[in-house]
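Notes for the one structure printed next.
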């Protein structure tokens, strides 16, 4: 999903929508390479250090991590004017990860986290949540897009708020001195503000799902819901279920695929099951002989950003664990076999020539138009794939660095590479660097950023749901 264009527009399409009113034999599991944990560890630590330095460079003196920066010019890069709740969350968890891996000390971690929490306390909020865009230098709410002067309509995004809440929970877990302040910030963040309760008699109108967000100038929710289960907004769903502001039933109201009679990328196979009073179409797609639960557009971060924090594969090895493995294999084979790029991994990111768009594997996304790969490889996608294909991911990243100069010694991987033309992005983006930091932290010190999501409501409410999940794959 191109959040930049969606959140600055007064409408338009968005990923993972509920389309209200819209009209083989199991393949053997593919054996993924075993995880090797020795010779490449120093390289991973170097990649972590440089990527964290890019987060530091993106963070303003006010304490907010900006959206992006151009690293092609000499000297320290200048962060963009704008920031979002997601970017701020990335800055928080990156700081905790850096301390956990010894890149910074505990004192530096506390000072950085305290500065960011103080900045977050000053930001304008509605219904306990944060708006979509702020000025990273002073925390004021953006009313004009810095690069174009176009108006920015004030908006609460459910998915972007989920990533800030994720960062705040990680910060509070790592630094006990901040727990009371973070608890105050989160005490009024009630996820039911985005929720439409489920009605079995009219699920098209009352689907039991989360709205994309709320326009605060009119207090009007978006007309769409986030309907697809296997896409990044499920982090908001998990957070709401864990804190009790959303019913557990909500989990079963999201779509494994669209209903079989609806127009979508492929006709799904599966069957109806009833779980907790919800009639669930337990469908799947098939790609290159493997069954999987599709995302909305076919991109890597839709499927694999959430398990950086919530241990889906561990808690649901026969369902989430299998579909994550198959999803990664689809990306690898799309890049190496279907398109013969020689490289793989596709996810929304910076256009190498400038701008932002979605990239993905069309066949494993529900959306009929789909996200096309277009030969644009996004390094953060390989980092997300480390748990499923460590050796292949590291080899892919080494090749991108060697063949295209995609690695900046100091700030980590540039955001994208067009492997057809050789054009490499000039930018690093906070979201993508934040995913790289989190993925490397999980690889180098497993569980470091997952601690707040393995206890409390996550253990008592979310984990049992994932244990009961039985995808038709």
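Residue numbers (the numbering used here): 8 to 480. Cβ coordinates follow ideal geometry from the N, Cα and C atoms, glycine included.
Considering only C-alpha positions, which residue in the set the options is nearest to residue i?
{"i": "residue 122", "options": "184, 370, 163, 418", "result": "184"}
{"i": "residue 315", "options": "58, 97, 70", "result": "97"}
{"i": "residue 349", "options": "327, 395, 402", "result": "402"}
{"i": "residue 127", "options": "92, 264, 366, 414", "result": "92"}
{"i": "residue 170", "options": "147, 65, 196, 182", "result": "196"}
{"i": "residue 117", "options": "179, 277, 411", "result": "179"}
{"i": "residue 164", "options": "135, 182, 249, 411", "result": "135"}
{"i": "residue 50", "options": "217, 218, 408", "result": "408"}
{"i": "residue 210", "options": "273, 286, 149", "result": "286"}
{"i": "residue 64", "options": "385, 119, 410, 470", "result": "119"}
Can you tell me whether residue i is buried or exposed, with buried defined as 16 or more other CB within 10 angstroms of its CB?
{"i": "residue 11", "result": "Residue confidence for residue 11 is low, a pLDDT of 35 falling below 50, so the modelled location carries little weight and cannot support an answer."}
{"i": "residue 156", "result": "exposed"}
{"i": "residue 80", "result": "exposed"}
{"i": "residue 472", "result": "buried"}
{"i": "residue 46", "result": "exposed"}
{"i": "residue 497", "result": "Here the chain covers residues 8 to 480 and nothing more, so residue 497 does not appear."}
{"i": "residue 228", "result": "buried"}
{"i": "residue 230", "result": "exposed"}
{"i": "residue 85", "result": "exposed"}
{"i": "residue 466", "result": "exposed"}
{"i": "residue 129", "result": "exposed"}
{"i": "residue 422", "result": "buried"}
{"i": "residue 33", "result": "Model confidence at residue 33 stands at a pLDDT of 32, short of 50, so the residue's coordinates are unreliable; what they give is reported in the following sentence. Counting Cβ neighbours within 10 Å, residue 33 comes out exposed, since fewer than 16 surround it."}
{"i": "residue 462", "result": "exposed"}
{"i": "residue 82", "result": "exposed"}
{"i": "residue 297", "result": "buried"}
{"i": "residue 279", "result": "exposed"}
{"i": "residue 474", "result": "exposed"}
{"i": "residue 88", "result": "buried"}
{"i": "residue 453", "result": "exposed"}
{"i": "residue 35", "result": "A caution first: residue 35 carries a pLDDT of 33, below 50, which makes its placement in the model unreliable, though a value can still be read off. Classification of residue 35: exposed, given that the 10 Å Cβ count is below 16."}
When you compare only the Cα positions, how much space is there between residue i and residue j?
{"i": "residue 303", "j": "residue 262", "result": "10 angstroms"}
{"i": "residue 107", "j": "residue 206", "result": "45 angstroms"}
{"i": "residue 329", "j": "residue 68", "result": "43 angstroms"}
{"i": "residue 433", "j": "residue 199", "result": "40 angstroms"}
{"i": "residue 37", "j": "residue 142", "result": "At residue 37 the pLDDT is 34, less than 50, meaning the model places this residue with poor confidence and gives no usable figure here."}
{"i": "residue 257", "j": "residue 239", "result": "16 angstroms"}
{"i": "residue 42", "j": "residue 144", "result": "Here the model assigns residue 42 a pLDDT of 46, short of 50, so the residue's position is not dependable and the matter cannot be decided."}
{"i": "residue 460", "j": "residue 320", "result": "14 angstroms"}
{"i": "residue 458", "j": "residue 103", "result": "12 angstroms"}
{"i": "residue 288", "j": "residue 234", "result": "12 angstroms"}
{"i": "residue 152", "j": "residue 417", "result": "29 angstroms"}
{"i": "residue 247", "j": "residue 137", "result": "16 angstroms"}
{"i": "residue 59", "j": "residue 105", "result": "7 angstroms"}
{"i": "residue 212", "j": "residue 232", "result": "10 angstroms"}
{"i": "residue 468", "j": "residue 406", "result": "42 angstroms"}
{"i": "residue 352", "j": "residue 340", "result": "10 angstroms"}
{"i": "residue 29", "j": "residue 386", "result": "Per-residue confidence for residue 29 stands at a pLDDT of 35, beneath the threshold of 50, marking its modelled position as unreliable; the derived number appears in the next sentence. Roughly 36 angstroms separates the two Cα atoms."}
{"i": "residue 250", "j": "residue 359", "result": "40 angstroms"}
{"i": "residue 391", "j": "residue 312", "result": "7 angstroms"}
{"i": "residue 396", "j": "residue 57", "result": "22 angstroms"}
{"i": "residue 61", "j": "residue 441", "result": "10 angstroms"}
{"i": "residue 31", "j": "residue 276", "result": "Reliability fails at residue 31, whose pLDDT of 31 lies under 50, so the model's placement of it is uncertain and no value is given."}
{"i": "residue 168", "j": "residue 264", "result": "25 angstroms"}
{"i": "residue 436", "j": "residue 414", "result": "14 angstroms"}
Counting along the chain, where does the alpha helix (DSSP H) carrying residue i start and finish?
{"i": "residue 404", "result": "397–411"}
{"i": "residue 191", "result": "186–193"}
{"i": "residue 63", "result": "48–65"}
{"i": "residue 168", "result": "165–181"}
{"i": "residue 2", "result": "This structure cannot speak to residue 2, because the chain is shown only from 8 to 480."}
{"i": "residue 245", "result": "241–250"}
{"i": "residue 292", "result": "Here residue 292 belongs to no alpha helix (DSSP H); instead the beta strand (DSSP E) covers 285–294."}
{"i": "residue 308", "result": "307–311"}
{"i": "residue 299", "result": "It is not in any alpha helix (DSSP H) - residue 299 instead sits in the beta strand (DSSP E) that spans 297–299."}
{"i": "residue 448", "result": "437–451"}
{"i": "residue 76", "result": "Not the alpha helix (DSSP H): residue 76 falls in the beta strand (DSSP E), residues 75–77."}
{"i": "residue 237", "result": "Residue 237 -> no alpha helix (DSSP H), and no H or E assigned at all."}
{"i": "residue 258", "result": "256–259"}
{"i": "residue 321", "result": "319–322"}
{"i": "residue 214", "result": "That residue, residue 214, is in no alpha helix (DSSP H); it is neither H nor E in DSSP."}
Going by DSSP, what residue range makes up the beta strand (DSSP E) through residue i?
{"i": "residue 279", "result": "276–282"}
{"i": "residue 129", "result": "Residue 129 -> not in any beta strand (DSSP E); alpha helix (DSSP H) instead, spanning 113–129."}
{"i": "residue 478", "result": "Element bounds for residue 478: n/a, residue is neither H nor E."}
{"i": "residue 481", "result": "One cannot answer for residue 481 here, as it falls past the ends of the chain, which runs 8 to 480."}
Beta carbon of residue i: closer than 8 angstroms to some heavy atom of the ligand SAH?
{"i": "residue 420", "result": "Inclusion of the ligand SAH in the displayed structure is not the case, the ligand content being empty and no account of it being possible."}
Taking the DSSP output, what are the residues bridged to residue i?
{"i": "residue 151", "result": "158"}
{"i": "residue 137", "result": "132"}
{"i": "residue 420", "result": "414"}
{"i": "residue 142", "result": "89"}
{"i": "residue 356", "result": "364"}
{"i": "residue 227", "result": "222"}
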